[in-house]
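Novice:
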Amino acid sequence: MRTTDVIGFCRRAVSGYPLRSGLMLLAMAIGVASVVLLSTLGEGTRRYVANQFSSLGTHLLIVLPGRSETTGGPPPMMGQTPRDLTVQDAMALARSTAVRRVAPIVVGSAPVSVGSRQREITILGSTAELLPIRHLTMAQGRFIPTGEVSRAEAVCVLGYQARKELFGNRSPLGRFVRIGERRFRVIGTLTQKGQSLGTDTSDMAIIPVASATALFNTESLFRILVQARNRDAVSRAKRNVQEIIRDRHDGEDDVTVITQDALLATFDRILKTLTLAVAGIAAISLAVAGILIMNVMLVAISQRTAEIGLLKAVGATHIQVLILFLVESTLLSLLGTAAGLLLSAVGLLVLQQLFPGFPMAVPWWSPAAAAATAVATGTLFGILPARRAARLDPVTALAEK
Amino acid sequence: MICLDNVSRVFQVGGESVHALDRVNLVVEKGNYLSIMGPSGSGKSTLLNILGLLDRPDEGTYCIDGRDTTALADDQQATIRRYKIGFIFQFFHLVPRLTAADNVGLPLVLAGVDPKERRHRVNEAMDRFGLSSRAGHRPDQLSGGQRQRVAIARAVIMNPTVILADEPTGNLDRTSGDEIIQAIESIREQGMTVIIVTHDPNIGSRAVRAIRMVDGRIVSDSQGQA
Chain A
21 MRTTDVIGFC RRAVSGYPLR SGLMLLAMAI GVASVVLLST LGEGTRRYVA NQFSSLGTHL
81 LIVLPGRSET TGGPPPMMGQ TPRDLTVQDA MALARSTAVR RVAPIVVGSA PVSVGSRQRE
141 ITILGSTAEL LPIRHLTMAQ GRFIPTGEVS RAEAVCVLGY QARKELFGNR SPLGRFVRIG
201 ERRFRVIGTL TQKGQSLGTD TSDMAIIPVA SATALFNTES LFRILVQARN RDAVSRAKRN
261 VQEIIRDRHD GEDDVTVITQ DALLATFDRI LKTLTLAVAG IAAISLAVAG ILIMNVMLVA
321 ISQRTAEIGL LKAVGATHIQ VLILFLVEST LLSLLGTAAG LLLSAVGLLV LQQLFPGFPM
381 AVPWWSPAAA AATAVATGTL FGILPARRAA RLDPVTALAE K
Chain B
338 MICLDNVSRV FQVGGESVHA LDRVNLVVEK GNYLSIMGPS GSGKSTLLNI LGLLDRPDEG
398 TYCIDGRDTT ALADDQQATI RRYKIGFIFQ FFHLVPRLTA ADNVGLPLVL AGVDPKERRH
458 RVNEAMDRFG LSSRAGHRPD QLSGGQRQRV AIARAVIMNP TVILADEPTG NLDRTSGDEI
518 IQAIESIREQ GMTVIIVTHD PNIGSRAVRA IRMVDGRIVS DSQGQA
């Protein structure tokens, strides 16, 4: 029997029973589409998190006051508070050759007013280095001036949201805002930038770090952002940071240094695993679709018993009947896969319309894996019915009406 | 030539053995026209199934064109069915989703005949049985007589040596039945052996040779008038 004839015969068998074939295609299509869409969402989440991390800055190290101990041991007899991180600590870090930029950060909240308008806004005290480290971009004016860190200049830079709420559509440049009890001149505004891991740069005002320590009357830093010279320098920078702080803090390891890359890698691993897990769960629906194919093929065989008898009477061999039914179930699963890929394309379009900001990405392996699983299950579950068809006794098959 | 030697076929029905065929001996020469008659359960259908290699005898041997088929494997038997035997059934057994022409061409498809030659042979057969205008119709768009003519065309398309017809007019009215008998008889002109199982004494008596069966045995074997 010719291959084209086999396919032609099976094609007509598929199209000859539209309801049955349609339902089966639907089941297969939903299975395939769910694998593709779920893995796409997983991959999208991974990218979203990665983007969020890189919007935080590249080759970034975060120095936090206090040591997060992971080893056990008895609790200290006397309450020990970790030594504060100071602006001097931060400036000392710049000595390391592995470190490119350092930005000390003081965070607080204060009422900010312009005329009669008043808002409670996050105040971030830092230096000029913050701009490149955090990849911030200016909308208007300039950022905090470089120069002597200890100079408490009364200038501020407003985030997008803060500017809008305090000044509306007027230009804030050169105007004064009252932060707490002090007056600050607005020298620049930031562009609108999304939320990045909890800190919204949009709804804040940035002032020189010395002004912030004076405003909040504290010497201690919230954290220090350190940018390593390059990717390879990250681990050396981490070691240097720890050594420098230990030197300055009388030999105490009382800071925690988080490298952004390590954090990112961990998240990356978790989310990749999650994507695979979700795709695996979706693949179970393909197995269910495969069982459905088996069921439908068994029904088809009992409906077409007389036809199988006839095929045998006109000289079809055991293997020919087997092939005809196997190809039919494979054809169904192929069509179901095609329909599923189409369905997932439509689903992707809809999702993109619904969540335009989400970095939707189809992982390369997912359509391939979905298609392979679908066709494999379809064929595999087609074997049993096809064997049953091939084994039918022609006399009893022909007697069936 | 067909040759049955001491063929028996036993079925188990409710723990009892029923001899559907009981040591049947039969020789049919090439080109003969044979009718098999007898009451229901007399074994005529079983005989036809064994002649068509759809069933195997429990005892005895069956030779077709001098070749013993009893020991052949299923697939070898399928090949003999394909090239040497044509079936005509009471219920036509056309594939409902295929057109008349595709039904006729089905044995050629299974045999892997080239599509071009296939089309030629199918057209020829359709022509011969007056079905040319119906080639593109599906079985449910055809009358009973037309369906059976499609089945006859399918039976002869491989130029077999034997045509086995099981109550070919059983499902048809008188007029179409006569047409079908004429069509079947016309096959003989090609030198094919025709064996027809029927209840209808009129049809049975038209055959060259008429066999009567009772309880799995041939009880009479006579040359008819035709």
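Residue numbers (the numbering used here), protein chains in the order written: chain A, 21 to 421; chain B, 338 to 563. Beta carbons are placed, not taken as given, at the ideal position from N, Cα and C, and that holds for glycine. The model shown is predicted, which means the values in this text are computed figures rather than measured ones.
What does the alpha-carbon distance come out to for the pair glutamate 239(A) and valine 298(A)?
Specialist: Working through the first sequence from its first residue, we reach residue 239(A) at position 219. Working through the first sequence from its first residue, we reach residue 298(A) at position 278. When rounded, the distance between both Cα atoms is 48 Å.
Novice: Quick check: is the beta carbon of proline 38(A) nearer than 8 Å to any beta carbon in chain B?
Specialist: For this step, residue 38(A) is matched to residue 18 along the first sequence. By this cut-off, proline 38(A) is not an interface position.
Novice: Who does glutamine 160(A) pair with in a DSSP beta bridge?
Specialist: As a position in the first sequence, residue 160(A) is number 140, starting the count at 1. Glutamine 160(A) pairs with Thr209(A).
Novice: Quick one: does proline 444(B) have its CB under 8 Å from some CB of chain A?
Specialist: Position 107 of the second sequence, counted from the first residue, corresponds to residue 444(B). Yes, contact with chain A.
Novice: Is the distance from the Cβ of isoleucine 425(B) to the Cβ of valine 459(B) below 8 Å?
Specialist: As a position in the second sequence, residue 425(B) is number 88, starting the count at 1. As a position in the second sequence, residue 459(B) is number 122, starting the count at 1. Going by C-beta atoms, isoleucine 425(B) is not nearer than 8 Å to valine 459(B).
Novice: So that I know if they touch, is there some Cβ in chain B lying closer than 8 Å to that of glutamine 323(A)?
Specialist: Here residue 323(A) is taken as the residue at index 303 of the first sequence, counted from 1. With 8 Å as the cut-off, glutamine 323(A) does not count as an interface residue toward chain B.
Novice: For phenylalanine 375(A), count neighbouring Cβ atoms within 10 angstroms of its own Cβ and tell me buried if that reaches 16, exposed if not.
Specialist: Residue mapping note: residue 375(A) aligns to position 355 of the first sequence, counting from 1. Counting Cβ neighbours within 10 Å, phenylalanine 375(A) comes out exposed, since fewer than 16 surround it.
Novice: Does any C-beta atom of chain A lie closer than 8 Å to the C-beta of leucine 341(B)?
Specialist: The sequence position of residue 341(B) within the second sequence is 4, counting from 1. Answer no: the Cβ-Cβ gap between leucine 341(B) and chain A never drops below 8 Å.
Novice: Hey, leucine 186(A) and valine 127(A): beta-carbon distance below 8 Å or not?
Specialist: In the first sequence, the residue the question calls residue 186(A) occupies position 166. In the first sequence, the residue the question calls residue 127(A) occupies position 107. It is not a contact, given that the beta carbons lie outside the stated cut-off.
Novice: Report all residues from its chain with a CB closer than 6 Å to the CB of aspartate 558(B); omit the five preceding and five following residues, and keep chain order.
Specialist: On the second sequence, residue 558(B) is found 221 positions in, with the first residue counted as 1. Answer for aspartate 558(B): Ile548, listed in chain order.
Novice: For arginine 259(A), count neighbouring Cβ atoms within 10 angstroms of its own Cβ and tell me buried if that reaches 16, exposed if not.
Specialist: Counted from its first residue, the first sequence places residue 259(A) at position 239. Result: exposed.
Novice: Does leucine 412(A) come within less than 8 Å of chain B when only Cβ atoms are used?
Specialist: The residue given as residue 412(A) occupies position 392 in the first sequence. Taking Cβ atoms only, chain B never reaches closer than 8 Å to leucine 412(A), which makes this a no.
Novice: Would you say glycine 449(B) reaches chain A, if we count a Cβ-Cβ gap shorter than 8 Å as a contact?
Specialist: Position 112 of the second sequence, counting from 1, holds the residue named residue 449(B). So yes, glycine 449(B) belongs to the interface.
Novice: Thinking C-beta only, is threonine 506(B) closer than 8 Å to isoleucine 555(B)?
Specialist: For the purposes of this step, residue 555(B) is taken as the residue at position 218 of the second sequence. For the purposes of this step, residue 506(B) is taken as the residue at position 169 of the second sequence. Going by C-beta atoms, isoleucine 555(B) is not nearer than 8 Å to threonine 506(B).
Novice: Just list the beta strand (DSSP E) runs in the region 415-447 of chain B, keeping only unbroken ones of 3 residues or longer that don't cross its boundaries, in chain order.
Specialist: DSSP runs (the beta strand (DSSP E)) wholly in the region 415-447 of chain B: 422-425.
Novice: Using the Cα positions of arginine 137(A) and lysine 184(A), report the straight-line distance between them to the nearest angstrom.
Specialist: Locating residue 137(A) in the first sequence gives position 117, where the first residue counts as 1. Locating residue 184(A) in the first sequence gives position 164, where the first residue counts as 1. Cα to Cα, arginine 137(A) sits roughly 12 Å from lysine 184(A).
Novice: Can you list the alpha helix (DSSP H) stretches of 4 or more residues lying completely in the region 170-197 of chain A, in chain order?
Specialist: Entirely contained in the region 170-197 of chain A, the alpha helix (DSSP H) runs reaching 4 residues are, in chain order, 180-187.
Novice: Report the rounded CA-to-CA distance for valine 341(A) versus arginine 31(A), giving the unit in angstroms.
Specialist: Taking the first residue of the first sequence as position 1, residue 341(A) is located at position 321. Taking the first residue of the first sequence as position 1, residue 31(A) is located at position 11. Cα to Cα, the separation comes out at about 15 Å.
Novice: Could you compute how far the alpha carbon of glutamate 366(B) sits from the alpha carbon of leucine 318(A)?
Specialist: Counted from its first residue, the second sequence places residue 366(B) at position 29. Counted from its first residue, the first sequence places residue 318(A) at position 298. Rounded to the nearest angstrom, the two C-alpha atoms are 43 Å apart.
Novice: Would methionine 317(A) count as contacting chain B if we go by Cβ distances under 8 Å?
Specialist: The residue you call residue 317(A) lines up with position 297 of the first sequence. Methionine 317(A) does not count as touching chain B.
Novice: Take every Cβ of the region 242-261 of chain A, pair it with every Cβ of the region 61-71 of chain A, and state whether three or more of those distances are shorter than 8 Å.
Specialist: At 8 Å Cβ cutoff, the stretches do not touch.
Novice: Can you list, in chain order, the residues of its chain whose CB lies under 6 Å from that of alanine 172(A), leaving out five sequence neighbours each side?
Specialist: Stepping through the first sequence from its first residue, residue 172(A) is reached at position 152. Closer than 6 Å at Cβ, skipping near neighbours: Ala230, Ser231 and Ala234.
Novice: Around the Cβ of asparagine 237(A), are there at least 16 other Cβ atoms within 10 angstroms (buried) or fewer (exposed)?
Specialist: As a first step, residue 237(A) is located in the first sequence; it is residue number 217 there, counting from the start. Result: exposed.
Novice: Beta strand (DSSP E) containing tyrosine 604(B): first to last residue?
Specialist: There is no way to answer for residue 604(B), as the model of chain B reaches only from 338 to 563.
Novice: How would you label glutamine 215(A), buried or exposed, when you count the other beta carbons within 10 angstroms and need 16 or more for buried?
Specialist: Locating residue 215(A) in the first sequence gives position 195, counting from the first residue. With a pLDDT of only 47 at glutamine 215(A), under the threshold of 50, the placement of this residue in the model should not be trusted, and no figure is reported.
Novice: With 16 as the cutoff for other CB atoms within 10 Å, does valine 197(A) come out buried or exposed?
Specialist: Start at 1 with the first residue of the first sequence, and residue 197(A) comes out as number 177. Looking at its Cβ environment, which holds 16 or more other Cβ atoms inside 10 Å, valine 197(A) is buried.
Novice: Which chain A residues sit within Cβ distance under 7 Å of leucine 391(B)?
Specialist: Within the second sequence, residue 391(B) is the residue found at index 54, counting from 1. Simply Ala333, Pro414 and Val415.
Novice: Quick one: give me the first and last residue of the beta strand (DSSP E) that valine 479(B) is part of.
Specialist: As a working mapping, residue 479(B) is identified with position 142 in the second sequence. The sequence given here has leucine at residue 479(B), not valine. First-last for leucine 479(B): undefined, no H or E at that position.
Novice: Alpha carbon to alpha carbon, how far is valine 52(A) from arginine 471(B)? Give it in angstroms, no decimals.
Specialist: For the purposes of this step, residue 471(B) is taken as the residue at position 134 of the second sequence. For the purposes of this step, residue 52(A) is taken as the residue at position 32 of the first sequence. Taking the straight line joining both Cα atoms gives about 42 Å.
Novice: Which value, in whole angstroms, describes the spacing of the CA atoms of leucine 330(A) and threonine 65(A)?
Specialist: For the purposes of this step, residue 330(A) is identified with residue 310 of the first sequence, where counting begins at 1. For the purposes of this step, residue 65(A) is identified with residue 45 of the first sequence, where counting begins at 1. About 56 Å.
Novice: Please report how far the alpha carbon of isoleucine 422(B) lies from the alpha carbon of valine 499(B), in whole angstroms.
Specialist: Taking the second sequence and counting its residues from 1, one reaches residue 422(B) at position 85. Taking the second sequence and counting its residues from 1, one reaches residue 499(B) at position 162. Cα to Cα, the separation comes out at about 5 Å.
Novice: DSSP puts cysteine 340(B) in a beta bridge; with which residues?
Specialist: Here residue 340(B) refers to the residue found at position 3 of the second sequence. Answer is Val364(B) and Cys400(B), bridged to cysteine 340(B).
Novice: Within 8 Å (strictly less), CB to CB, does arginine 31(A) reach chain B?
Specialist: Locating residue 31(A) in the first sequence gives position 11, counting from the first residue. No, arginine 31(A) lies away from the interface with chain B (no Cβ there is under 8 Å from its Cβ).
Novice: Could one say the Cβ of arginine 22(A) lies closer than 8 Å to chain B's Cβ atoms, at least one of them?
Specialist: Counting from one through the first sequence, the residue named residue 22(A) turns up at place 2. It does: the Cβ of arginine 22(A) has a partner Cβ on chain B nearer than 8 Å.
Novice: Give me the chain B residues within the contact set of leucine 418(A), using Cβ-Cβ distance strictly less than 8 Å, ordered along the chain.
Specialist: The count along the first sequence starts at 1 and reaches residue 418(A) at position 398. Leu391, Phe426 and His430, listed in chain order.
Novice: Along chain B, which residues have their Cβ under 8 Å away from the Cβ of glutamate 348(A)?
Specialist: Within the first sequence, numbered from 1, the residue matching residue 348(A) stands at position 328. Simply none; closest approach about 12 Å.
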